[in-house]
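These notes are about the structure you will find just below.
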Amino acid sequence: MDRSFLTGAPVGQTVSARNWNESCISGVGRGTSHFFQVLGLLLLGFGAWLLLDRNIFFTALDENNHLIVYIFQILTGTGSAIVLLCLLGYLGIHNEIRWLLILYAALLMWAFGVQVVLSGFIFTKKQEIHQVWHDKVDLIIAEYGSKDMPEDIPKWTFLNALQKTLQCCGQYNYTDWIKNKNKENSEQVPCSCTNSTLRKWFCDEPLNATYLEGCENKINTWYNANALTLTGINFGLLASEVLQITLTVSFFRHIKNKVYAKM
């Protein structure tokens, strides 16, 4: 039986309202999908720029570019996943393919769940994560520059990049490097702890040319200044995922109702 007869609404008005709702949901869904496609493409582009640009700072730290390659892999992997996910959603909405919409919604729910679990884990296990980070950095400092551990060069390169970028030295201060036994003499510090541009692990530089502040304090200062922004980004992503899931489910129901109406 026609629902317009039960509600008393004219048939044309009911159809028009249904079409308008469908167009609205479809339009918003496509717009959201396009936004995340652009975000994914930006990540891909930035990763490619890091890999191809030979004049950026990281190149000077390690001639093998281990750090650049790792950052490139993370950015391109994340960007590709976002683009492919949004492509699934766009094709499902544009062509009204129900199984694609189901797959798209399922992947969105999976991403939402992973993000919630990770956020909760980081929040509840903050002290444990902080201690693991401390122990890991202490180990890297102790083994830094060892000729017997070439497989750890990417870790040392990352630490170099961190110290040079933040203009810090060691975890607490420059005296953390006393525990390193791979130096030629006890007065040496990593070249990344100084203003030096030499491509070596250690340099002999005077104290007034060495970064005295530890990296932990620098990182904490940056985090405290940007914590609200980071929290906003996290909740923004969660809200956008909920919006996309809601729109996808609504559009799926519209397609289902349309199929039943034709029967």
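Using the numbering used here, the first residue of the sequence shown is number 3, and each one after it goes up by one.
Idealized CB from N, CA, C, for every residue including glycine.
Please read these numbers as outputs of a predicted model, since none were measured by experiment.
Tell me which same chain residues have a C-beta within less than 8 angstroms of the C-beta of residue i, skipping the five on either side of it?
i    : result
L239 : Q117
N187 : D206
A108 : none
I2   : The question about residue 2 has no answer here: the residues shown for the chain are numbered 3 through 265.
K183 : A144
Looking only at DSSP bridge pairs, what is residue i linked to?
i    : result
V191 : C205
E215 : N175
T196 : T212
Span of the alpha helix (DSSP H) holding residue i?
i    : result
W135 : 128-145
Q165 : 155-168
Return the chain-ordered list of same chain residues with a C-beta closer than 7 angstroms to the C-beta of residue i, the five sequence neighbours on each side being excluded.
i    : result
T233 : none
K202 : C193
N236 : S121
E218 : Q173, Y174
P152 : none
L164 : C217
Q190 : F204, C205, D206
T231 : none
L243 : For the record, residue 243 in the displayed sequence is Glu; it is not Leu. L110, A113, F114.
V251 : A107
K181 : I143, A144
Under the criterion of a Cβ to heavy atom distance below 7 angstroms, does residue i qualify as lining the ligand SAM?
i    : result
L164 : Of ligands this structure carries none, so the ligand SAM is not represented either.
So, for residue i: in the same chain, excluding its five sequence neighbours on each side, which residues have a beta-carbon less than 6 angstroms away from its beta-carbon?
i    : result
K185 : F204
Q169 : Y213
I58  : Its pLDDT being 46, under 50, I58 is placed unreliably in this model, and the value from its coordinates should be taken loosely. Within the same chain, I58 has no close Cβ partners at all.
W158 : Y146
T126 : none
T196 : C205, E207, A211, T212
A62  : Here the model assigns A62 a pLDDT of 40, short of 50, so the residue's position is not dependable, and the following value carries that caveat. The answer is none, since no qualifying residue turns up.
- Task: Count the C-beta pairs between the segment 102-114 and the segment 135-148 that are closer than 8 angstroms, then say yes if the count reaches three, no if not.
- Result: no
- Query: Does the pairing of the segment 162-181 with the segment 208-216 give three or more beta-carbon distances under 8 angstroms?
  - Reply: yes
- Message: Runs of 4 residues minimum, wholly inside the segment 223-248: which ones carry the alpha helix (DSSP H) assignment?
- Response: none
- Taking the runs of the alpha helix (DSSP H) that are 4 residues or longer, which of them lie wholly in the segment 99-129? 100-126
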